[in-house]
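For the sequence shown, my numbering begins at 212 and goes up steadily by one.
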Amino acid sequence: MTVQADYVWMDGNFVKWQDAKVHVMTRALHYGAGVFEGIRAYPSNGGLGVFRLQDHMTRLLKSANVYRLKCRFTVDELCSATLELLRRNKIDSSAYIRPIMFSSDLAVNLDTLNGSSSIAICTFPMERLFEKSGLNVCVSSWRRIDDSSTPPLAKACGNYINSILAKIDASANGFDDAILLDRNGMVSEGTGENIFIVKSGKLVTPSLTCSILPGITRDTVMVVASDLRIGVEERAISRAELYMSDEVFFTGSAAEIEPILSIDKRTISDGKVGPTTAKLVDIYRKIVRGKEPRYLHWISKV
Ligand code: PMP
């Protein structure tokens with residue numbers, strides 16, 4: 212998928228897409244020293260609305276703080292810049308928004324603390340992430356990174372080299388995506404998604420101590436499930452428990468709510484999208500498009 216739009220926001224300026232460049236010696240490119248976000252905008256009540264924009268920008272600055280990357284913009288300023296960028300790019304269909312803050316010095320040392328950082332926001336039209344609905348996935352032989360080395364709670368660029376190892380193996384073996392286990396061998400998350408299982412009508416998802424990114428879609432599902440009086444439990448899940456679940460699904464801003472139909476060639480239940488997943492997919496679709504009044508506070512109008 213090639214992406215494109217007219218403008219990119221860089222360090223406070225709107226620059227033409229083709230001029231939004233960095234030098235090949237930029238530190239972040241060599242060492243993964245950056246943090247980023249993935250956000251979506253949807254057609255909503257006659258305009259465009261960004262889903263949980265404030266929450267994403269807040270997480271961006273919290274991730275930056277872990278690596279002590281300095282940002283001269285506030286959450287509010289980053290949100291306003293995003294909305295203005297969507298207007299300038301005249302985007303009126305479903306779109307993806309990618310803010311990235313990175314160590315911008317042209318240097319071969321690792322001292323990001325005494326260096327400079329840059330921040331950019333890109334937006335471009337994007338529909339579904341996965342080409343099909345309902346995934347066949349594997350459990351990766353690669354383990355998820357850990358809080359004691361590169362903390363998965365922060366959405367850092369370098370973390371994704373771990374996801375890439377899992378993704379390329381999955382892809383080479385004909386799977387749509389991979390699930391990673393944490394260092395204790397318990398279920399962690401997908402390559403770019405959180406994971407939920409359904410057991411006797413109740414949701415279970417790995418807790419924050421299972422090496423996961425605290426996903427905003429995960430949080431959305433937990434809030435909505437509780438409003439629908441569906442029980443939610445955060446705890447460790449074993450690999451076999453995954454195989455024996457009634458339903459399994461991924462959540463992510465890009466992936467949305469994506470049913471998982473098989474894991475390591477074991478069909479989950481009857482191999483069809485289960486009733487709880489279907490219900491959540493349906494309401495999520497409505498919420499992000501501004502069709503559920505109760506959750507309109509999550510949408511920033513462009
Ligand atoms: N885990 C990882 C590793 C991710 O990259 C993502 C996508 N940001 C998620 C989980 C889901 O997070 P969110 O719902 O905030 O997009």
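No residue lacks a Cβ here, since even glycine has one placed at the ideal position from N, Cα and C.
Taking residue 420 as the reference, which of 459, 359, 455 and 450 has the closest Cα? 359
Ignore the nearest five residues each way along the sequence and tell me which others in residue 436's own chain have a CB closer than 8 Å to its CB. The residues are 414, 442, 443 and 491.
Can you grab the Cα-Cα spacing for the pair residue 240 / residue 249, in whole Å? 19 Å
Using 8 Å as the threshold, is the C-beta distance between residue 349 and residue 383 below it? no
I want to check one thing, is the minimum distance from the CB of residue 424 to the heavy atoms of ligand 2 below 7 Å? Questions concerning ligand 2 fall outside what the structure shown contains, since the ligands it does hold are ligand 1.
For residue 234, decide whether its Cβ has a neighbour in chain C, counting only Cβ atoms nearer than 8 Å. The structure shown has no chain C; it contains just one protein chain.
Runs of 3 residues minimum, wholly inside the stretch 286-344: which ones carry the beta strand (DSSP E) assignment? The stretch 286-344 contains, as complete beta strand (DSSP E) runs of 3+ residues, the segments 306-314 and 328-336 (chain order).
DSSP three-state assignment for residue 469, whether helix, strand or coil: Strand, per DSSP.
Which complete alpha helix (DSSP H) runs does the stretch 231-270 hold, if anything under 4 residues is left out? Counting only unbroken stretches of 4 or more residues, the alpha helix (DSSP H) elements lying wholly within the stretch 231-270 are 238-242, in sequence order.
Using 8 Å for Cβ pairs, my map puts residue 459 next to residue 427. What's the rounded Cβ distance? About 20 Å; that fails the 8 Å criterion.
If you reduce the DSSP assignment to three classes, tell me which class residue 388 lands in. The three-state reading of DSSP puts residue 388 in strand, counting E and B together.
Can you tell me where the alpha helix (DSSP H) holding residue 495 begins and where it ends? 486-499
Would you say residue 410 touches ligand 1, meaning its beta carbon is less than 7 Å from a heavy atom? no
Report the option in 398, 470 and 269 whose CA atom is closest to the CA atom of residue 453. 398
Which residues in the same chain as residue 499 place their Cβ atom closer than 6 Å to its Cβ, once the five residues preceding and following it in sequence are excluded? Cβ within range, chain order: 253 and 262.
CB residue 334 to CB residue 292, shorter than 8 Å? no
Could you check which residue in 219, 487, 418 and 457 has the C-alpha nearest to that of residue 295? 219
Suppose you measure from the CA of residue 470 to the CA of residue 401; what does that come to, to the nearest Å? Distance between the alpha carbons of residue 470 and residue 401 is about 12 Å.
Nearer than 7 Å: is that true of the beta carbon of residue 366 relative to any heavy atom of ligand 1? Within 7 Å of the C-beta of residue 366 there is at least one heavy atom belonging to ligand 1.
Could you give the first and the last residue of the continuous alpha helix (DSSP H) run that contains residue 433? 427-438
Any idea if residue 513 is buried or exposed, counting beta-carbon neighbours within 10 angstroms, 16 or more meaning buried? Counting the other CB atoms within 10 Å of its CB gives residue 513 a total of 16 or more, which places it among the buried residues.
Does the separation of the CB atoms of residue 462 and residue 412 fall below 8 Å? no
Taking the straight line between their C-alpha atoms, what separation do you get for residue 395 and residue 473? 23 Å
Pairwise C-alpha distance: residue 361 and residue 501: 36 Å
Looking at C-beta atoms only, is the number of pairs between the stretch 306-321 and the stretch 329-345 that lie closer than 8 Å three or more? yes
Relative to the alpha-carbon of residue 221, which residue among 231, 215, 324 and 212 has its alpha-carbon at the smallest distance? Of the candidates 231, 215, 324 and 212, the one whose C-alpha sits nearest the C-alpha of residue 221 is 231.
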